[in-house]
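Protein chains in written order, with our numbering: chain A, 8 to 89; chain B, 8 to 89. Note that CB positions come from ideal geometry on N, CA and C, so glycine has one too. Nothing here was measured: the structure is a model prediction, and the numbers come from that model.
Take a look at the structure:
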């Protein structure tokens, strides 16, 4: 069973890394880019089991370790076939 | 128009950050986690335009700047309504 976790800085939080990527893209000529936000992407390999259990423990993992919930928001997807 | 870019280390490349997260999760009691890979997640805000153009320039952005194609693989999604 696979899970994918995405974290992003909340929209009220400045994202200097994103700004830097945005400027670099503009220097390379990609002027169509109006904004960039950088986040984390995690792929987790989980023991097979009931999906409700996995959802519950993923939520706890995100709250406790994977995301800084003061500054970041997170979402996750579970793929039971993965 | 929004685009989402995901980069991950290729499976043949060691991921010490992922290993560290995996160990930390195990210490916290999440023994169902058998593996973790850490990647980047970027949200791009693009000027509206034809989706084929956007796909072409996103591919170039990834190859030139956003992903290190020697070590990382990438994929992206474009949401014209975003």
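- Within chain B, the residues 48 have their CB atoms less than 8 Å from the CB of residue 13/A, given in chain order.
- When C-beta atoms of the region 29-41 of chain B are compared with those of the region 65-83 of chain A, three or more pairs fall below 8 Å, so the two segments count as touching.
- Per the C-alpha coordinates, the member of 24/A, 73/A, 77/A and 45/A positioned closest to residue 27/B is 73/A.
- At a cut-off of 8 Å, the C-beta of residue 18/A has no neighbouring C-beta in chain B.
- With a threshold of 8 Å between beta carbons, residue 74/A makes no contact with chain B.
- Taking CB atoms only, residue 71/A has a neighbour in chain B less than 8 Å away.
- Between residue 58/B and the set 52/B, 31/B, 35/B and 86/B, the nearest pair of CA atoms involves 86/B.
- Residue 15/B places its beta carbon less than 8 Å from that of residue 44/B.
- Within chain B, not a single residue places a beta-carbon under 7 Å from that of residue 77/A; the smallest gap is close to 18 Å.
- Rounded to whole angstroms, residue 20/B and residue 47/B show a C-alpha spacing of 15 Å.
- Beta bridge pairing from DSSP links residue 76/B with no other residue.
- Taken through DSSP and simplified to helix, strand or coil, residue 36/B comes out as coil.
- In the structure shown, the three-state DSSP call for residue 84/B is strand.
- The residue from 51/A, 23/A and 84/A with its alpha-carbon nearest to that of residue 29/B is 51/A.
- For residue 89/B, same chain residues with a beta-carbon under 7 Å away, outside a window of 5 residues either side, are 8 and 9 in chain order.
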